[in-house]
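Undergrad: Read top to bottom, the protein sequences are chains A and B.
Per the UniProt record's numbering, the first sequence starts with residue 1, numbered consecutively.
Per the UniProt record's numbering, the second sequence starts with residue 1, numbered consecutively.
By construction, the Cβ of each residue, glycine as well, lies at the ideal position given by its N, Cα and C atoms.
Everything numeric in this text was worked out from a predicted model, so none of it was measured.
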Amino acid sequence: MTAVLPAPAATGAGEQARLVLEVSAVADAAPGIRTLTLRRPGGGLLPGHPPGSHLVLDCGGRRNAYSLTGDGMPAAEYRISVLLCPDGAGGSAAVHRWRAGDRVTATGPRSAFAPVSTARHAVLVAGGIGITPLLSHARAAVRWGRSFELLYGHRPGAGAHLAELHALCGDRLGVHEDTAELLARIGSVLADRPLGTHVHVCGPAPLIAFVEDTAGALGWPADRVHAERFSAADLDPGEPFVARLARSGLRVPVPAGTSLLAALEAAGVAVPSMCRQGVCGECRLPVTAGRPLHRDLYLAEPERAAGDAVMACVSRCADDELELDL
Amino acid sequence: MTAVLLPERTTRFPFPFAADSYRYSTNVEPARRVAATEAGTWGAGVLDVDGEYATELALRREVLAADPTRCQQLPHMRVAAWDALTTLLPELAATLPGVTALRVRGDRWSWRNDLTATSTSFTVGDDDSLPGGPLALLGSQIQEDVVLLDQREGSLWADAGLVTFAADWSMGFDVGMRFLEVHGPVPRVHEAGVVQRAEQFLMRLQPGQEYRRTNWTMTVDRRLDTSTETYPVWARDRRLVVDDPALPDRLHLRVEVQHLIRLGVSNAVCFLIRTYLLSLRELAAVPAWRRRLGVVLAELPEDVAEYKGLSRFRGAAVDWLRAAD
């Protein structure tokens with residue numbers, strides 16, 4: 001059986017169906033790193049995804065993005081590896097409390113760190129838990145016969161997925177427990193790989209900065225350097241505000257995480273809509289007071305500046321109240 | 001009141017006009033929502049198999065045999081081509097239960113289709129296991145034309161496709177172009193930012209997301225292959241039809257239902273184009289369609305009419321459509 005809930009109230013680009021998943025296995029990949037296997041409660045294939053995609057999990061009252069580590073082919077299971085962040089907001093701690101049999105909800109998979117199909121060669125650079133999206137890249141590269149190498153730096157004894165990485169990559173893998181050694185290796189690799197090579201890096205901010213700076217200094221075009229930072233790429237849920245409908249006098253609260261469009265619809269106010277992603281222009285509403293916080297792709301710059309219209313599906317309000325000519 | 005029994009071609013026709021005037025817009029909407037028209041419905045699925053299935057697939061075979069350049073695939077689109085096949089065969093199996101059978105054991109796939117007398121097995125990702133390639137098999141099974149768009153460098157690139165029923169364009173000419181370049185000749189849309197918005201929209205599609213839109217033009221006779229390559233064969237009919245008493249039977253409203261699907265594995269955008277033709281006389285059996293097409297055609301700006309190739313006959317078409325008023 002496939003359990004799919006209706007799409008959530010959209011605040012960001014892309015309304016994907018919510019996935020209900022069951023934790024089917026829990027294992028420790030390294031000290032502080034928990035690998036979870038997730039599946040549909042009744043079995044069945046999960047959607048395929050480009051390498052480097054993430055799943056947005058509802059955990060501990062938050063929504064956190066975690067990289068999927070598989071090769072991206074539709075499969076019965078997703079796997080994520082989550083580093084416990086004791087000083088974090090509690091999302092990773094919640095994930096670490098999950099046990100086999102627990103049900104969790106997720107959105108995705110979402111892609112923001114995909115390989116480049118025309119790359120002649122890929123240099124994959126991972127620091128610490130940043131290995132997870134690059135494990136996915138490496139698996140897909142092996143599956144599809146693409147040229148790659150993987151440089152993985154981690155603290156002594158803290159390497160995750162080492163056995164499978166060695167089996168997967170063979171001599172295409174370089175593991176470094178010493179930071180200076182890792183950086184030197186990155187420098188020498190970036191200095192002599194063929195034109196047409198792309199580099200993908202995920203890890204702590206200083207590592208990403210080092211790769212970007214080194215590549216830049218060596219003359220790499222910026223669009224051949226791809227970085228994934230430890231944060232989600234989605235539109236944020238935004239601040240709550242109130243939509244005041246000037247003609248009807250209705251006041252509709254719009255909570256954080258709910259779109260203006262969804263809030264109006266829930267209040268029984270019919271608004272024409274189509275893409276619900278800020279693109280088609282269908283849900284444009286006239287604004288009579290309050291400053292719109294534009295997050296759409298539809299309105300041109302002068303229209304944004306005029307502040308007299310808002311795309312209800314993605315945009316919000318910079319003030320406490322947005323007055324609409326409705 | 002007598003109920004008129006309309007043919008399937010009419011009841012399933014995706015009549016595209018929601019208003020009395022037409023302009024280009026980024027008219028995308030989520031797929032798989034049944035759309036009601038004055039005569040019936042369309043749009044329940046991503047693939048559509050209808051009474052023309054055998055005829056259109058036979059025609060595609062002929063076109064491809066005469067001109068293999070209608071199928072294009074740049075080398076880096078190998079994963080995308082497999083992805084399109086493995087995404088859409090299950091879809092077709094669900095669309096045609098009973099006459100098709102799909103068996104999947106890991107990467108080993110077996111496909112049978114009694115309607116096309118197809119029976120084949122292949123290993124996903126192994127090009128040698130499927131002579132002709134994934135796109136060729138896909139094109140032999142579905143009525144839709146297929147274009148695969150690669151996403152890189154902040155753009156979409158039309159880097160593969162199997163297109164035999166193009167409405168006055170050429171896959172062989174367009175392959176390798178950026179999305180913006182492909183749409184270069186379309187009037188008005190660049191000033192209005194329509195193409196840029198469409199590209200932004202497509203680039204933000206997440207794995208598995210499916211949208212659709214319609215587009216339209218007009219074609220003389222039930223000719224699906226109006227690609228640039230065969231221009232000398234069909235172009236002059238646009239002039240000759242004007243004085244032909246058979247104009248209402250020869251002139252067709254040509255509607256494309258275009259699906260836009262983010263393929264999960266490859267990150268390519270799969271663009272499906274399904275073409276429907278309905279003659280003016282068939283269309284006029286639905287009075288609301290007859291009236292609306294007449295008004296839309298009469299109001300259409302000249303540059304749009306010229307780009308769509310309607311200039312020579314639109315006056316005659318409008319006259320005929322309005323004669324009933």
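State yes or no: is the beta carbon of G51 of chain B nearer than 8 Å to at least one beta carbon in chain A?
TA: no
Undergrad: Going by other Cβ atoms of all chains shown within 10 Å of its Cβ, with 16 needed for buried, is A184 of chain A buried or exposed?
TA: exposed
Undergrad: For G203 of chain A and F210 of chain A, what's the separation of their Cα atoms in angstroms?
TA: 11 Å
Undergrad: Report all residues from its chain with a CB closer than 6 Å to the CB of A93 of chain B; omit the five preceding and five following residues, and keep chain order.
TA: T100 and L102
Undergrad: Are the stretch 152–162 of chain A and the stretch 175–191 of chain A touching, with three or more C-beta to C-beta distances below 8 Å?
TA: yes
Undergrad: Kindly identify the DSSP beta-bridge partner or partners of Y211 of chain B.
TA: B:P30 and B:L260
Undergrad: Counting Cβ pairs closer than 8 Å, one from the stretch 217–235 of chain B and one from the stretch 18–30 of chain B, do we hit at least three?
TA: No, the stretch 217–235 of chain B is not in contact with the stretch 18–30 of chain B.
Undergrad: Quick check: what's the CA-CA separation for R254 of chain B versus A80 of chain B?
TA: In a straight line, the C-alpha of R254 of chain B is about 29 Å away from that of A80 of chain B.
Undergrad: With DSSP as the reference, identify every bridge partner of E323 of chain A, one or two as the case may be.
TA: Paired residues: A:R244 and A:A289.
Undergrad: To be precise: take each residue of the stretch 112–141 of chain A, compare its Cβ to all Cβ atoms of chain B, and keep it if any distance is under 9 Å. Which residues remain?
TA: A114, P115, V116, S117, T118, A119 and A140
Undergrad: Mind checking whether S140 of chain B and L57 of chain B have CB atoms under 8 Å apart?
TA: yes
Undergrad: Give the secondary structure of T164 of chain B by DSSP, where H, G and I count as helix, E and B as strand, and everything else as coil.
TA: DSSP places T164 of chain B in coil when its eight states are reduced to three.
Undergrad: If you draw a straight line from the C-alpha of G315 of chain B to the C-alpha of L321 of chain B, how long is it?
TA: Each residue's alpha carbon lies about 10 Å from the other.
Undergrad: Does the CB of W144 of chain A have a neighbour CB from chain B at under 8 Å?
TA: yes
Undergrad: In the DSSP assignment, find the unbroken alpha helix (DSSP H) run with S121 of chain B in it and report its ends.
TA: Element bounds for S121 of chain B: not the alpha helix (DSSP H) but the beta strand (DSSP E), T118 to T123.
Undergrad: In three-state DSSP terms, what is S259 of chain A?
TA: coil
Undergrad: Given a threshold of 16 other Cβ atoms within 10 Å of its Cβ, counted over all protein chains shown, does E62 of chain B qualify as buried or as exposed?
TA: exposed
Undergrad: Residue range of the alpha helix (DSSP H) that S311 of chain B falls in?
TA: S311 to R322
Undergrad: Restricting to Cα atoms, I'd like to know which of B:L5, B:L156, B:W42 and B:G193 is closest to R212 of chain B.
TA: Checked all of B:L5, B:L156, B:W42 and B:G193; the closest Cα to R212 of chain B is B:W42.
Undergrad: For A166 of chain B, which residues of its own chain have a beta-carbon under 6 Å away from its beta-carbon, when the five flanking residues on both sides are left out?
TA: S227
Undergrad: Are the beta-carbon atoms of L38 of chain A and V26 of chain A separated by less than 8 Å?
TA: no
Undergrad: Quick check: what's the CA-CA separation for L46 of chain A versus V269 of chain A?
TA: 36 Å
Undergrad: DSSP puts C59 of chain A in a beta bridge; with which residues?
TA: Beta-bridge pairing by DSSP links C59 of chain A to A:R62.
Undergrad: Answer yes or no: does any C-beta atom of chain A fall closer than 8 Å to that of F13 of chain B?
TA: Not closer than 8 Å to any Cβ of chain A, the Cβ of F13 of chain B fails to qualify, so no.
Undergrad: Give the DSSP bridge partners of E299 of chain B, in chain order.
TA: Paired residue(s): none; E299 of chain B is not in a bridge.
Undergrad: Can you tell me whether Y307 of chain B is helix, strand or coil according to DSSP?
TA: helix
Undergrad: Pick from A:P86, A:G90 and A:W98: whose alpha carbon is nearest that of I80 of chain A?
TA: I80 of chain A has its Cα closest to that of A:W98, out of A:P86, A:G90 and A:W98.
Undergrad: So, is the C-beta of N267 of chain B closer than 8 Å to a C-beta in chain A?
TA: Closer than 8 Å to some Cβ of chain A, the Cβ of N267 of chain B qualifies, so yes.
Undergrad: In chain order, what residues of the stretch 298–320 of chain B put their CB closer than 9 Å to some CB of chain A?
TA: none
Undergrad: According to a CB-to-CB cut-off of less than 9 Å, which residues of the stretch 208–242 of chain B neighbour chain A?
TA: G208, Q209 and Y211
Undergrad: Residue range of the alpha helix (DSSP H) that H166 of chain A falls in?
TA: Where H166 of chain A is concerned, the enclosing alpha helix (DSSP H) stretches over L162 to C169.
Undergrad: Taking any Cβ of chain B, which residues in the stretch 296–308 of chain A have a Cβ under 9 Å from it, in chain order?
TA: L297, Y298 and A300
Undergrad: Could you tell me the distance, in whole angstroms, from the CA atom of H49 of chain A to the CA atom of A65 of chain A?
TA: Cα atoms of H49 of chain A and A65 of chain A: separation of roughly 15 Å, rounded to the nearest angstrom.
Undergrad: What does the alpha-carbon distance come out to for the pair R139 of chain A and E177 of chain A?
TA: 22 Å
Undergrad: Determine whether the beta carbon atoms of L195 of chain A and A243 of chain A lie at a separation below 8 Å.
TA: no
Undergrad: If we ignore side chains and look at the alpha-carbon of each, how far apart do V182 of chain B and A158 of chain B end up?
TA: Near 8 Å, if we compare the C-alpha coordinates of A158 of chain B and V182 of chain B.
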